[in-house]
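Participant:
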Amino acid sequence: MTEKTKKARPKPQPKCPHADIINVVQFQFFDNGENHGRGSSRHVVKLEVHCENRYVPSKPYWRRSVSMLEPKTFFKWTDAQTFDPAMMQVYVDLKQFVAVQGVDENCEWIKLGHVEDTRLRHRYAGQFVIAVKFKSGPLACVLQVENTVMAADAMFFNKAWRKGSKARLFAGTYDPQAMYEASKREQAQIAAASSKAAPDAAEATLGGMPWE
Numbered sequence: 281m282t283e284k285t286k287k288a289r290p291k292p293q294p295k296c297p298h299a300d301i302i303n304v305v306q307f308q309f310f311d312n313g314e315n316h317g318r319g320s321s322r323h324v325v326k327l328e329v330h331c332e333n334r335y336v337p338s339k340p341y342w343r344r345s346v347s348m349l350e351p352k353t354f355f356k357w358t359d360a361q362t363f364d365p366a367m368m369q370v371y372v373d374l375k376q377f378v379a380v381q382g383v384d385e386n387c388e389w390i391k392l393g394h395v396e397d398t399r400l401r402h403r404y405a406g407q408f409v410i411a412v413k414f415k416s417g418p419l420a421c422v423l424q425v426e427n428t429v430m431a432a433d434a435m436f437f438n439k440a441w442r443k444g445s446k447a448r449l450f451a452g453t454y455d456p457q458a459m460y461e462a463s464k465r466e467q468a469q470i471a472a473a474s475s476k477a478a479p480d481a482a483e484a485t486l487g488g489m490p491w492e
């Protein structure tokens with residue numbers, strides 16, 4: 281095969297930004313069902329990250345879909361790596377957390393997912409998602425970037441979801457600065473101002489008509 285016919289290697293996808301600049305993380309949890317197909321995962325968490333004090337819902341700074349794995353499968357990769365002591369401790373602590381959840385009677389299951397570039401088969405060390413399903417109902421979802429844990433305040437169930445649906449099952453937001461609520465208030469103010477301006481504009485237009 282000549283150089284001209286070789287496919288260009290794709291540009292690597294960026295890893296998750298440093299936790300210090302992250303303001304908002306939006307989580308969407310999908311359940312693809314038991315028959316999810318070969319090469320795909322039953323559970324997937326889609327992440328949308330907003331950084332540098334900017335929050336535009338439709339324009340996240342970074343996004344990624346993370347396939348959720350059984351802990352045994354997740355740690356099979358980490359155990360085969362040679363990390364520096366600090367990074368190794370991140371995964372040691374994670375193993376301890378999983379062990380504690382495993383003996384919790386209220387824990388239905390726990391899954392872990394690597395933040396990765398699936399096209400290049402490259403995983404970013406110290407970046408992963410944790411999802412814990414409790415028998416009492418709620419789902420907890422966390423993005424961890426090295427030693428920083430960013431957890432959704434709550435994961436809300438999508439009441440419109442039906443079995444076999446491709447819609448998200450749960451959604452939640454990590455938003456310590458309440459930027460999401462501030463955005464909603466701003467949009468409401470803009471909408472209110474627009475509705476008030478519309479009659480004023482119509483009145484000004486009518487004022488210039490011959491029958492005035």
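The opening residue of the sequence shown carries number 281 in my numbering; numbering runs sequentially from there. Note that the Cβ used here is the ideal one computed from N, Cα and C, for glycine as well.
May I ask you to verify whether the segment 344-352 touches the segment 361-371, counting CB pairs closer than 8 Å and requiring at least 3?
Facilitator: no
Participant: Under 8 Å between the Cβ atoms of residue 420 and residue 405?
Facilitator: Here the question's residue 420 lines up with position 140 in the sequence shown. Here the question's residue 405 lines up with position 125 in the sequence shown. No, the Cβ-Cβ distance between residue 420 and residue 405 is not below 8 Å.
Participant: Since residue 328 sits in a beta bridge, which residues does DSSP pair it with?
Facilitator: Your numbering for residue 328 matches position 48 in the sequence shown. DSSP lists 306, 343 as partners of residue 328.
Participant: Anyone know if the C-beta pair for residue 305 and residue 335 falls short of 8 Å?
Facilitator: Counting from 1 along the sequence shown, the entry for residue 305 is found at position 25. Counting from 1 along the sequence shown, the entry for residue 335 is found at position 55. The criterion of a C-beta distance shorter than 8 Å is not satisfied by residue 305 and residue 335.
Participant: Give me whichever residues DSSP pairs with residue 408 in a beta bridge.
Facilitator: As a working mapping, residue 408 is identified with position 128 in the sequence shown. BP columns for residue 408 point to 394, 424.
Participant: Measuring CB to CB, does residue 425 end up less than 8 Å from residue 296?
Facilitator: The sequence position of residue 425 within the sequence shown is 145, counting from 1. The sequence position of residue 296 within the sequence shown is 16, counting from 1. Yes, Cβ-Cβ distance for residue 425 and residue 296 is below 8 Å.
Participant: At what residues does the beta strand (DSSP E) containing residue 358 begin and finish?
Facilitator: Within the sequence shown, the letter at position 78 stands for residue 358. That residue, residue 358, is in no beta strand (DSSP E); its alpha helix (DSSP H) goes 351-358.
Participant: Over the uninterrupted alpha helix (DSSP H) stretch that includes residue 382, give me the two end residues.
Facilitator: For the purposes of this step, residue 382 is taken as the residue at position 102 of the sequence shown. That run of the alpha helix (DSSP H) goes 365-382.
Participant: On the DSSP bridge list, what partners appear for residue 298?
Facilitator: As a first step, residue 298 is located in the sequence shown; it is residue number 18 there, counting from the start. Residue 298 is not bridged to any residue.
Participant: Short of 8 Å in beta carbon distance, which residues of its chain neighbour residue 388, apart from the five on each side in sequence? Order them along the chain.
Facilitator: What you label residue 388 is simply residue 108 of the sequence shown in a count that begins at 1. Within the same chain, residue 388 has close Cβ partners 413, 414, 415.
Participant: Kindly indicate which residue of 448, 429, 469 has the alpha-carbon position closest to the one of residue 454.
Facilitator: Numbered from its first residue, the sequence shown carries residue 454 at position 174. When C-alpha distances from residue 454 are compared across 448, 429, 469, the shortest belongs to 429.
Participant: Residue 444 and residue 307 - do their beta-carbons sit closer together than 8 Å?
Facilitator: As a first step, residue 307 is located in the sequence shown; it is residue number 27 there, counting from the start. As a first step, residue 444 is located in the sequence shown; it is residue number 164 there, counting from the start. One thing to note: residue 307 has its Cβ no nearer than 8 Å to the Cβ of residue 444.
Participant: In three-state DSSP terms, what is residue 434?
Facilitator: To locate residue 434, count along the sequence shown from 1; it is residue 154. If DSSP states are grouped into helix, strand and coil, residue 434 belongs with coil.
Participant: Starting from the C-beta of residue 409, find all residues in its chain whose C-beta is less than 6 Å away, skip the five residues before and the five after it, and write them out in chain order.
Facilitator: Looking up residue 409 in the sequence shown gives position 129. So the qualifying residues of the chain are 325, 346, 393, 423.
Participant: So, at 6 Å on beta carbons, what are the nonlocal neighbours of residue 338 in its own chain, with the 5 sequence-adjacent residues on each side left out?
Facilitator: Within the sequence shown, residue 338 is the residue found at index 58, counting from 1. Excluding sequence neighbours, residue 338 sits near nothing in its chain.
Participant: What is the rounded straight-line gap between the Cα of residue 385 and the Cα of residue 323?
Facilitator: Working through the sequence shown from its first residue, we reach residue 385 at position 105. Working through the sequence shown from its first residue, we reach residue 323 at position 43. Approximately 22 Å, taken between the alpha carbons.
Participant: Per DSSP, what kind of secondary structure is residue 335 in: helix, strand or coil?
Facilitator: Taking the sequence shown and counting its residues from 1, one reaches residue 335 at position 55. In this structure, residue 335 counts as coil in the three-state DSSP scheme.
Participant: Nearest to residue 435 by alpha carbon, out of 320, 380, 309?
Facilitator: Taking the sequence shown and counting its residues from 1, the one referred to as residue 435 is at position 155. Comparing Cα-Cα distances from residue 435 to each of 320, 380, 309, the minimum goes to 309.
Participant: With burial defined as no fewer than 16 other Cβ atoms inside 10 Å of the residue's Cβ, what is the status of residue 439: buried or exposed?
Facilitator: Numbered from its first residue, the sequence shown carries residue 439 at position 159. Answer is exposed; the Cβ neighbour count stays below 16.
Participant: Around the C-beta of residue 448, are 16 or more other C-beta atoms found within 10 angstroms, so that it is buried, or is it exposed?
Facilitator: Position 168 of the sequence shown, counted from the first residue, corresponds to residue 448. Classification of residue 448: buried, given that the 10 Å Cβ count is 16 or more.
Participant: Distance, Cα to Cα, residue 401 vs residue 342?
Facilitator: Taking the sequence shown and counting its residues from 1, one reaches residue 401 at position 121. Taking the sequence shown and counting its residues from 1, one reaches residue 342 at position 62. Approximately 19 Å between the Cα atoms of the pair.
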